[in-house]
Every structure is written in C-alpha cells, then in structure tokens.
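**Student:**
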Amino acid sequence: MAGQTAPRVAVAADQDGHGGRLQPLAESGEPLDQPLRVRDLAAAMADWEAAAAPRWVWAATEEVYPRLLPQLPEGRLGRCHDVKLVEPLLLGLEDRYGQPRSLGAAWARLHGRQVPPDLPEGPGGDSDQDSLFAPDRSRLPPGTDPLAALVAVHAEQQRRIASAAEPARTRLLCAAESAGGLVAAEMGYDGLPWSAQAHDRLLVDLLGPRPRGGAQPVKLAALAAELQQALGGRPLNPDSPAQVLRAFAEQGISLSSTRNWVLRAVDHPAAPLLLSYKELSRIHAAHGWAWRDAWVRDGRFRPEYVVGGVVSGRWASRGGGALQIPRIMRGAALADPGWLLVVADAGQLEPRVLAAMSGDPGMIRAGAQGDLYAGLAADAFGGDRARAKLGLLGAMYGQTSGETGQLVAVLRRRFPQAMGLVEAAARTGEAGGVVHSRLGRVCPPPSLGWLDLTEGASGGSAEDAARDTRSRGRFTRNFVIQASAADWALALIAALRRRLAQLPTSVPGDRPRLVFFQHDEVVVHTPAQLADAVREAVAAAGEEARRLVFGDTPVRFPLDTHVAASYQDAKEGTEEDGEDTEED
DNA sequence: ATCGTTCGCCAC
DNA sequence: AAACGTGGCGAACGAT
C-alpha cells in the first residue's frame, strides 16, 4: 500500500458502516499522499499497523476506537494522537484554559470562526447494540470535510507543541495523554473480571439473602429496627441526617453532624448500631445487587473512564463508581480460571515526586530508599516514622492546624528545597497565578468570582476573601505534586501497555490485559504462565516512566507488585504489616 | 414529577 | 484526632 512508511496516519471513520478514509502524514502533520478510501476501516488499519506501526491521528479516541476494537486483532493499535485530548493541554499552556476542545472548536479557532461550545459528555457511545450510526460529535460545521479538518488541526497542534516553552515535555505529555485514551477505551472494552458468585457471597454475608423487589435486606432491616428502639422507638429513617440528629437530641445527645468520626466518639448504644447500619447501607446502595445488574455483564465490570477528567490529570470515571470500589468488595474481582491478577501500586508516589522535582538532597536521600518515610524519620524525626509521614502529607496538602503545623516547621528546616517548592506553588496560587505539572499540565486559573472576592471588588467579607485565598494556595500547592504524579502514572500505563503487547503468547486470546487503573495502581489480568513476565513488565515500565518524566534522578519509584486470583488477596499482601494501611 | 443542592461516604 | 488535596455517587430535601 502506498505511503505505508508514513510516521503518522490520519483517520476519519464514516458516520455509518465500516468504511473510512486514511491519509499518511509526516511527523509535522503535512500530508504525504492523497486520502485513501477503505471499505473496511479496521482491517485496513490492522494491516497498516502490522506493516509500519504509525501513530494514528484522530479527532477523539473515545469516538473512534471503541467501534474498532471488536474488529481488531489482538495486537490492537500501538500509538495515537488524540486531537481532543491534546487540545486542552495546549490551550492551558497558551493561557486559554478551558476553551472548547472538540475538533470543530479547534478548527474554528484555526480559521477565525465562531467557536462552538463542547457538547455535554453523556454516557459514552455504548456500541453494544451494534449502533451503526454514531452521532457526529466533532462540532464541525455541516459540509466540512472531517478528514481535511483533522489534518489541518493536527498539523497546527504539532506546530504549537514545537513552539511550546519546553517542546520535549509537551510532546511527551500529549503522547502520554493520547496513550491514556487508548488504555481507557481498552479497559472499558475488556472490563475488570468480576465474579457474580463471589460478589453474591460477600453481599449475603454482609446483608443477608438478596431481597425480592426493592425490599431492604434482612440484616439491614434488623439493624434499622434495633436502632429505632435504641433511640426511643419513634419511627426513624436512619438515612436522614436530620431525623437522626433529632432522635439523638431527644436522648440528650447533641451532635454536630452524623459523620462517622463524630459518631465514633458518642457513648450511647445507638451510635455503634448507626455506624454498622451506615456501612452496610452504603454497600447495598452503591455496590449491591442493583449495581451489579447495571454494570456487570458476562463476568466483567465495564465502567467508563474519563481521561483527563480530573484537573490534575488523574482519570475520572462515569457510572459504576469505578474508582471507588470499596476494599471489602474487591474479593469479587476474580481472575478467570487459569488466569491471575497482577496488582501493582506505586508506594509513596507523591512524596517521591516531591523529592525528584525539588532536588532536595535530604529528600532525595530518603527517596532513594524503599521506605521514604523511614528515611525521612531517621533524618529529622528521631526515627518516628508516623510523625515524618504526617508532617510530609501535611506539607503537601497545606495542613496548618495543630501538631501537624509543628511537624511542617521541622520539615522546612531540614528539607528547605522540597518545602520551598510546595510553598512557592502555594504563593503563586494565592496571588492568582497558575502552576504546572512536571510535564506541563496547567492548573485552572482562578475564576472571575475568586478574583473579585480576593481583590475586595465584590463586597464580600475580608474573612471570605482570606479563606478563598488560602484555599487556592492549598489547591496549587497540591496540584504540582498530584499532577506530576499523574504524569508519571500516565507514562507508566503507556509503557506497560506497550510491553504487554510485546509479550509472546502461544494461544490466541491468551494475551495479558490492563484491566484496572486507579491513580497509582494498575491491575493486569494475565494467563497464569505469563504472570512472572507481567511482573517484569510492570517493573520495567515503572523504571521507564521514572526516566521519561524525571530524568536521571536517584529517587526510586518502586512498584509493590502482587499476584493472586483475587484483587483482594493481591492487595492484602501489599499492606505493610497491619499498622499503617494508609496510601502513599 | 423533576431538578439542583446538601450531606456524607467511598476511592486515591 | 478530625479539616487537608482530587474526584463519583446516592439518599434526602427543598424548590420549581
């Protein structure tokens, strides 16, 4: 096929059917040949992928790739440039944060036309029903050639990347974000293995047998009845904070709220009952049978991931609460027979990011070790690891209250460069400025309302203005860390995805798949005999991410990796000796 | 009935 | 012991 050596290929799928058009591009985005019409887009792309593995350029991964996946061979596609994911990154760097990101919007900006607002992101195109007609979400004006517009906008994005203040980092950020788009689509397609039987066992243990209709499970109903008795016997809905506060007041107990930590300090028989009720009630409501009916099909939990859905670059999810699966429910995430789950999480990721970015000698010394907090403690806290950890987390979150404030003061003395980095970020935010991640993801600028308030122009109180100022300082302080950790995590999954695709498989269908990703943690579903190779791939990907994002820093970014049939069992091995089950 | 806000809990 | 960052989500509740 002509042009198969092109480094990039632009893709425009037909609105209906299986065809589309392809156009080979130079790295700069300049066309190398005429567009090529193909009747079977997936087959043509698979051939091209096998021959030359170009970077696929398209308007939006989420609108194209899910439709291709069922028809692609196991190797799938290697790399892409997602115009809609790249656009907001570039807009942020260009002081145009938050402007519309669609292909049509970028095209309109390019031609000085009126920019269409983005469509609201609904529950994404579920291709379950063989929906031949994907609605056009490009926002291009009618009559515009989508491929020509794509090629023009992509070339312009390449120019913008090249003229960014730090082109190499921007290029890496755009590539990583685009790779994230591929991973997200594939994870949504492959799904997290989820055993209905195991899930049922967990639920029955906790709640009792599945009730008919919408009835309350027996254990929950019993707890509610007991609680009502303990609070005087009057009808009570334990799900209503207002009613609960009133009922406790009648017992002579005045509560500031019905939060768990408040209730835990209450000396009354109703308090533990309410705590138990709330715990079980939440499981039933958020991850019970109704949840499974809605989100688990054919032994897979298939949520929708939203790449770049969090300002810091972390992912969000839409539906199913994918990023909030309660720990006690994770026993239901069970590998297929003959398969295993490889679970890897980056321990102490955020403090390691701070160490690497700041170049602080003391922090680097601690971060070169397996346990950063222990190193910190030995250096500055007389070996008290808990205090070292509390202080460092406080410094990264902007905590000032109580004892933690003093710990932060110690850190400032002993690790001036590291503390200087987060405090400079806080000052920038308080002054209304923006900060950026290691790879250059930009934080949102302050709102007009914030500017009015903090400049005293809106008539708000000085207290409100001061509170908003401090709040933005905490946001930007944390942003530089959280967003840089997200940079690393994105590089990790991109590298891991590529390495998994290169693993030799003997039997078709036996390829390891990334099935879950949560901020600093990945899960790979793999044939058992490949589990060791997957572990090695994870470790190598972590090292690759470190080098790409942080260069030659001595700080290590170790991944705690465990292999088990269930997510739960793999995680239990991860926790450090019972004490201190906190993250990071 | 339907919508938006508040509370509160889950994850990192 | 409890206020310190990013989110999603469900029930209650009050407004339309």
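Mapping the first sequence onto my numbering, position 485 (from 1) lands on 466, and the numbers just tick up by one. Cβ atoms here follow ideal geometry from the backbone N, Cα and C, with glycine treated the same way.
1. Under the assumption that S346 contacts A358 (Cβ atoms under 8 angstroms), give the Cβ distance between them as a whole number of angstroms.
2. Let me know if Q329 comes out buried or exposed under the rule of 16 or more other beta-carbons within 10 Å of its beta-carbon.
3. What separation, rounded to the nearest whole angstrom, lies between the Cα atoms of E55 and A41?
4. Start and end of the beta strand (DSSP E) containing V38?
5. Grab the span of the beta strand (DSSP E) containing H62 for me, first residue to last.
6. Given a threshold of 16 other Cβ atoms within 10 Å of its Cβ, counted over all protein chains shown, does S112 qualify as buried or as exposed?
7. To which residues of the same chain is A337 closer than 6 angstroms at the C-beta, ignoring the five residues directly before and after it?
8. Does the region 149 to 162 come into contact with the region 252 to 262, if we say contact requires no fewer than three beta-carbon pairs (one atom in each stretch) closer than 8 angstroms?
9. Bridge partners of W320, per DSSP?
10. So, are the CB atoms of Q139 and G10 less than 8 angstroms apart?
11. Per DSSP, what kind of secondary structure is A325 in: helix, strand or coil?
12. Which of the three DSSP states is assigned to A(-9) in this structure?
13. Please report how far the alpha carbon of E75 lies from the alpha carbon of L154, in whole angstroms.
14. Could you check where the alpha helix (DSSP H) with F460 kicks off and where it finishes?
15. Between H135 and H62, which are expected to be in contact by the criterion C-beta below 8 angstroms, what is the C-beta distance as a whole number of angstroms?
16. Rounded to whole angstroms, how far is the Cβ of P307 from the Cβ of H268, which I believe are closer than 8 angstroms?
17. Would you be able to state if there are at least three C-beta pairs under 8 angstroms between the region 488 to 503 and the region 452 to 459?
18. Check E285 in the structure and name its three-state DSSP category.
19. Apart from the five residues on each side of it in sequence, which residues of its chain come closer than 7 angstroms, Cβ to Cβ, to W320?
20. Suppose you measure from the CA of V415 to the CA of E404; what does that come to, to the nearest Å?
21. Taking its Cβ as the centre, do 16 or more other Cβ atoms sit within 10 Å of D(-3), making it buried, or is it exposed?
22. For the candidate residues R528, Q380 and V391, whose alpha-carbon lies nearest to that of V334?
23. Using three-state DSSP, classify D111 as helix, strand or coil.
24. What residues in its chain sit with their C-beta under 7 angstroms from that of E557, if we drop five residues either side in the sequence?
25. Would you say V504 and V277 are within 8 angstroms of each other, going by their C-beta atoms?
26. I need the DSSP call for Q95, collapsed to helix, strand or coil.
27. Considering only their Cβ atoms, is the gap separating R273 from A177 smaller than 8 angstroms?
28. Where does Q52 fall in DSSP's three states?
29. Which stretch, first to last residue, makes up the alpha helix (DSSP H) that contains R492?
30. Grab the span of the beta strand (DSSP E) containing G300 for me, first residue to last.
31. Could you tell me which uninterrupted alpha helix (DSSP H) segments, each at least 4 residues in length, are contained entirely in the region 210 to 249, listed from first to last along the chain?
32. Assess, as a yes-or-no matter, whether the region 434 to 442 is touched by the region 384 to 398 under the definition of 3 or more beta carbon pairs within less than 8 angstroms.
33. Quick check on DSSP: helix, strand or coil for A526?
34. Consult DSSP for G1 and reduce its assignment to one of helix, strand or coil.
35. Taking the beta strand (DSSP E) that L586 falls in, what are its first and last residues?
36. Where does E436 fall in DSSP's three states?
**Tutor:** Put simply:
1. Just to set this straight, residue 346 is Arg in the shown sequence, not Ser. Actually they are not in contact, since the Cβ atoms of R346 and A358 sit about 12 angstroms apart, beyond 8 angstroms.
2. buried
3. About 21 angstroms.
4. According to the DSSP assignment, V38 belongs to the beta strand (DSSP E) that extends over R36 to W39.
5. R60 to D63
6. Unreliable positioning characterises S112 in this predicted model, as indicated by a pLDDT of 46, which lies under 50. The coordinate reading is nonetheless provided below. By the neighbour-count rule (16 or more Cβ atoms within 10 Å), S112 is not buried but exposed.
7. F531, T534 and V536
8. no
9. P508
10. yes
11. strand
12. Taken through DSSP and simplified to helix, strand or coil, A(-9) comes out as strand.
13. 15 angstroms
14. Its alpha helix (DSSP H) spans residues A443 to Q483.
15. 6 angstroms
16. 6 angstroms
17. no
18. strand
19. The beta carbon of W320 sits closer than 7 angstroms to the beta carbons of H506, T507, P508 and A509 from its chain, once the five residues preceding and following it are set aside; these are given in chain order.
20. 14 angstroms
21. exposed
22. R528
23. Legend: pLDDT at D111 = 43, less than 50; position of this residue unreliable, value from coordinates given subsequently. DSSP places D111 in coil when its eight states are reduced to three.
24. Per-residue confidence for E557 stands at a pLDDT of 43, beneath the threshold of 50, marking its modelled position as unreliable; the derived number appears in the next sentence. Answer for E557: no residue qualifies.
25. no
26. coil
27. yes
28. helix
29. That residue, R492, is in no alpha helix (DSSP H); it is neither H nor E in DSSP.
30. Boundaries for G300: no beta strand (DSSP E) harbours it, and the DSSP string shows neither H nor E there.
31. 222 to 231 and 241 to 244
32. no
33. helix
34. strand
35. Within the shown structure, residues of the chain are numbered from -18 to 565, placing residue 586 beyond reach of any answer.
36. coil
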